[in-house]
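Asker: Have a look at the structure that comes next, please.
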Amino acid sequence: MKNLRQTTGKETAHVLTDSSVYLNITSSSQLQSTIKSMVDRNYDFNSYINISFPNNLTCDYFTKESKAVRLTTSNLSTVVIFDSYDIYTTDGTIIIPTRKLSTAYIISTANGASQFAVGSMHSETNIQIRLNIKNNTTLSLFGRNMLSGDTFSIRLNEFETLQISHPTDLSGTFLSADKPFAVFSGSQCKSYPQTGCSHMVSQLPPIKEYDNEYIIPSFLQNTGTIFQVVSPVENNVTVTTGIARRTLHFQAYDYKNFEVASDLISVVKSDFPVQITGFAMGSHQVGPYMTVFPGIHHYLDYYKILVPAIYRDSFICVIIPDQSLGKLMINDLPVHNYTSAFQKMASSAGKSYSIKVVKVQPGPYILKTTDRVAFGVIVYGHRHSDGYGYAGNFVLP
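This is the structure in structure tokens:
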């Protein structure tokens, strides 16, 4: 997604697997030849590979482009991308497998310099975008001035993309199509009090992958965390933070933001599934970033993830049933062998969970429980005026 105009870094993709893998990278025949020559390639590798893509593969605003890329592996793999590696502004996201993409999404962004992008997997994909624009200001799309509530239709062919931005907030915008497609959301460069601006990006899950029960950890070294709840249907949502508890009513496609301190845990339950994204608010030393939070039913018992090398501090946060914390292994070592940065308990549906954050060095990590109990994972890190974050999984198994 689009970063600052002066950004000069590369897009990077980290592919992780447990075996020998053949990787094919394919782009559109319509992609500019000088870019395509740096994108299309094949690899044979074991365990892990880091691939760079040119910065001009990022999308521009309000124009159809052929800038989507397909990565196909011979065995199951994890893909993590970092958008516009640059000294002050980057973010990361895990990539959803194409088999999990679908036809309906709701946008979640931070307020200010918000943006989202869509990418088509198939030819002649008809996409409808029903806008939700904060303060009902206008947005110009292909010569049309659009208001909140207006619907815009576009047809994309395979590998085509469209990116839309607005100075305020596009959260609650509803996207639907007649064929599966991918959606990414974020901010070109978002700032909060005490911070400079920093890039935000995350791939978004389709509506059918939402959950109705979440444990929300805050991000360390930040002034706080804002998490946003988005509901696709009329819904009742209960949010518990510490001893404070409140239940709120949502209309369809409604969203609400909640701000919590960096040492607090929130538990969110809803009558019907919702999407929750988190925005790290940064500090005078850390730039903002975002991630999609995993629901309890998104948890897995095995992850292979990547901690990038360019950050001062990096952390792995696990949300795990308390009785299984002692059975959690990280790179074949017990979790207690790692430096603990934070630990707290939370309860949901009568079950106790440990939220534990450990400080880690750069590199690939395998996390698994010896008793095969599922748990949640969030990876994040900081350097001066910048940060990144991504969840290990946020779709249903």
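The letter at position 49 of the sequence shown is residue 49 when you use the UniProt record's numbering, and the numbering goes up by one with no holes. Here a beta-carbon is modelled for each residue, glycine too, at the ideal position from N, C-alpha and C.
#1: Would you mind sorting Met219 into buried or exposed? The rule is 16 or more other CB atoms within 10 Å of its CB.
#2: Quick check: what's the CA-CA separation for Ser47 versus Val80?
#3: Can you give the Cα-Cα distance for Asn212 and His298, rounded to whole angstroms?
#4: CB Ser187 to CB Ser202, shorter than 8 Å?
#5: Rounded to whole angstroms, what's the CA-CA distance from Pro180 to Ser102? Just pull it up for me.
#6: Counting Cβ pairs closer than 8 Å, one from the stretch 360–379 and one from the stretch 320–339, do we hit at least three?
#7: Look up Asn135 in the DSSP assignment and say whether it is helix, strand or coil.
#8: Measuring straight from C-alpha to C-alpha, what distance separates Ala346 and Ala391?
#9: If you scan the stretch 213–269 from start to end, which runs of the beta strand (DSSP E) of 3 or more residues do you find wholly inside it?
#10: Excluding five sequence neighbours on each side, which residues of the same chain lie with their C-beta closer than 7 Å to the C-beta of Asn56?
#11: If we require 3 or more residues per run, which beta strand (DSSP E) segments fall completely within the stretch 256–333?
#12: Tell me where the alpha helix (DSSP H) around Lys36 begins and ends.
#13: List the endpoints of the continuous beta strand (DSSP E) containing Ser165.
#14: Determine the extent of the beta strand (DSSP E) in which Leu23 is found, giving its start and end residues.
#15: Is the beta carbon of Phe53 sitting closer than 8 Å to the one on Val39?
#16: Could you tell me which of Pro397, Thr73, Asn135 and Gly295 sits nearest to Asn24, measuring between CA atoms?
#17: If we ignore side chains and look at the alpha-carbon of each, how far apart do Phe315 and Lys269 end up?
#18: Apply the 10 Å Cβ neighbour rule to Ile133 and answer buried if 16 or more other Cβ atoms are within range, or exposed otherwise.
#19: Using the beta-carbon count (16 or more within 10 Å), is Gly350 buried or exposed?
#20: I'd like to check one pair, Ala177 with Thr125: are the Cβ atoms closer than 8 Å?
Answerer: Let me lay it out:
#1: The residue given as residue 219 occupies position 219 in the sequence shown. Note that residue 219 is Phe in the sequence shown, not Met. Under this definition Phe219 is a buried residue.
#2: Counting from one through the sequence shown, the residue named residue 47 turns up at place 47. Counting from one through the sequence shown, the residue named residue 80 turns up at place 80. Annotation: Ser47 to Val80 spans about 14 Å, alpha carbon to alpha carbon.
#3: Locating residue 212 in the sequence shown gives position 212, counting from the first residue. Locating residue 298 in the sequence shown gives position 298, counting from the first residue. The alpha-carbon atoms of Asn212 and His298 are separated by roughly 10 Å.
#4: In the sequence shown, counting from the first residue as 1, residue 187 sits at position 187. In the sequence shown, counting from the first residue as 1, residue 202 sits at position 202. No, Cβ-Cβ distance for Ser187 and Ser202 is not below 8 Å.
#5: Taking the first residue of the sequence shown as 1, we reach residue 180 at position 180. Taking the first residue of the sequence shown as 1, we reach residue 102 at position 102. Taking the straight line joining both Cα atoms gives about 4 Å.
#6: The way I'd put it, the stretch 360–379 does touch the stretch 320–339; three or more beta-carbon pairs between them come closer than 8 Å.
#7: Against the sequence shown, residue 135 aligns to sequence position 135. Asn135: helix per DSSP, three-state reduction.
#8: What you label residue 346 is simply residue 346 of the sequence shown in a count that begins at 1. What you label residue 391 is simply residue 391 of the sequence shown in a count that begins at 1. Each residue's alpha carbon lies about 19 Å from the other.
#9: Listed in chain order, the complete beta strand (DSSP E) runs (minimum 3 residues) inside the stretch 213–269 are 225–230, 235–241, 244–250 and 255–260.
#10: Residue 56 sits at position 56 when you count from the first residue of the sequence shown. Around Asn56: Ile35.
#11: Those beta strand (DSSP E) runs which fall completely within the stretch 256–333 and span 3+ residues are 265–280, 289–292, 302–307, 313–321 and 328–330.
#12: Residue mapping note: residue 36 aligns to position 36 of the sequence shown, counting from 1. Judged by DSSP secondary structure, Lys36 falls within the alpha helix (DSSP H) whose first and last residues are Ser33 to Lys36.
#13: Locating residue 165 in the sequence shown gives position 165, where the first residue counts as 1. Note, Ser165: beta strand (DSSP E), Thr161 to His166.
#14: Locating residue 23 in the sequence shown gives position 23, where the first residue counts as 1. Its beta strand (DSSP E) spans residues Glu11 to Ser27.
#15: Taking the first residue of the sequence shown as 1, we reach residue 53 at position 53. Taking the first residue of the sequence shown as 1, we reach residue 39 at position 39. Yes, these two residues count as a Cβ contact at 8 Å.
#16: Walking along the sequence shown from the start, residue 24 turns up at place 24. That would be Thr73, whose Cα lies nearest to the Cα of Asn24.
#17: Position 315 of the sequence shown holds residue 315. Position 269 of the sequence shown holds residue 269. Distance between the alpha carbons of Phe315 and Lys269: 26 Å.
#18: Walking along the sequence shown from the start, residue 133 turns up at place 133. So Ile133 ends up on the buried side.
#19: Walking along the sequence shown from the start, residue 350 turns up at place 350. Gly350 comes out exposed.
#20: Position 125 of the sequence shown, counted from the start, is the residue given in the question as residue 125. Position 177 of the sequence shown, counted from the start, is the residue given in the question as residue 177. When the beta-carbon positions are compared, Thr125 and Ala177 come within less than 8 Å of each other.
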